[in-house]
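Chemist: Supplied in structure tokens, the structure appears directly below.
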Amino acid sequence: MSESDRRYQRYFISEGAFKSQRIKGSSFIGTLKGWMDCQIRDLSYAGAQVYSNAKLGLGAKIEIKLTSDQGKEMNFKGEVVNIGRDLATSQQKLGVRIEEPAVGSKEANFLGDLSENFEKSF
0 MSESDRRYQR YFISEGAFKS QRIKGSSFIG TLKGWMDCQI RDLSYAGAQV
50 YSNAKLGLGA KIEIKLTSDQ GKEMNFKGEV VNIGRDLATS QQKLGVRIEE
100 PAVGSKEANF LGDLSENFEK SF
């Protein structure tokens, strides 16, 4: 598998994979609104598909916080590049481009190990 294929290969994130999954806008208004619960459906080194009740627009800068069962937090920064609506749950379905985390950070290590911890999403 080429480096490009590994970057864009998506992995399914089950609901119980993290203690909490939260999202907030990086703007001033997003900071005022604070963190909101979300559900990450799939994740790759390049991006994520996020379901949330947060009202965000195209191009919105966001932060995603994942908290493990052990209480360890990972923070990802990104940008909304696609918006849809899940008719079953009435939540916004956000396509998020994730900024590349610093080399050696826990976020980079987590994204690098996705294939070992989660199943491929097709």
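Read left to right, the sequence shown gives residues 0 to 121 (numbering that gives the first Met the number 0).
C-beta atoms are modelled at their ideal positions from N, C-alpha and C, and glycine is treated no differently.
Just curious, the alpha helix (DSSP H) that S114 is in, first and last residue?
Modeler: Translated into positions along the sequence shown, residue 114 becomes position 115. Start and end: L113 to N116.
Chemist: Under 8 angstroms by Cβ, that's how I've got L110 and P100 pegged, so tell me the actual separation to the nearest angstrom.
Modeler: What you label residue 110 is simply residue 111 of the sequence shown in a count that begins at 1. What you label residue 100 is simply residue 101 of the sequence shown in a count that begins at 1. Between P100 and L110 the Cβ distance is about 7 angstroms, and since that is below 8 angstroms, they are a contact.
Chemist: Pull up the CB-CB distance for E14 and Q38, whole angstroms please, since I reckon it's below 8 angstroms.
Modeler: Along the sequence shown, read from residue 1 onward, the residue named residue 14 stands at position 15. Along the sequence shown, read from residue 1 onward, the residue named residue 38 stands at position 39. About 7 angstroms; that satisfies the 8 angstroms criterion.
Chemist: Sort S89, S114 and E106 by Cα distance to S67 and report the nearest one.
Modeler: What you label residue 67 is simply residue 68 of the sequence shown in a count that begins at 1. Nearest of S89, S114 and E106 to S67, Cα basis: E106.
Chemist: If you measure between the beta carbons of D36 and R21, is that distance less than 8 angstroms?
Modeler: If you number the sequence shown from 1, residue 36 lands on position 37. If you number the sequence shown from 1, residue 21 lands on position 22. Closer than 8 angstroms, so yes.
Chemist: Ends of the alpha helix (DSSP H) at L31?
Modeler: What you label residue 31 is simply residue 32 of the sequence shown in a count that begins at 1. F27 to K32 is the extent of the alpha helix (DSSP H) around L31.
Chemist: For the beta strand (DSSP E) containing R40, list its first residue and its last residue.
Modeler: Here residue 40 is taken as the residue at index 41 of the sequence shown, counted from 1. Per DSSP, R40 belongs to the beta strand (DSSP E) from M35 to L42.
Chemist: For K60, I'd like the list of residues in its chain whose CB is within less than 6 angstroms of its CB, leaving aside the five on either flank, ordered along the chain.
Modeler: On the sequence shown, residue 60 is found 61 positions in, with the first residue counted as 1. Closer than 6 angstroms at Cβ, skipping near neighbours: S25 and E78.
Chemist: Between D112, G56 and R96, which lies nearest to G103 when the distance is taken from Cα to Cα?
Modeler: Counted from its first residue, the sequence shown places residue 103 at position 104. Looking at the Cα atoms, D112 is the closest of the given residues.
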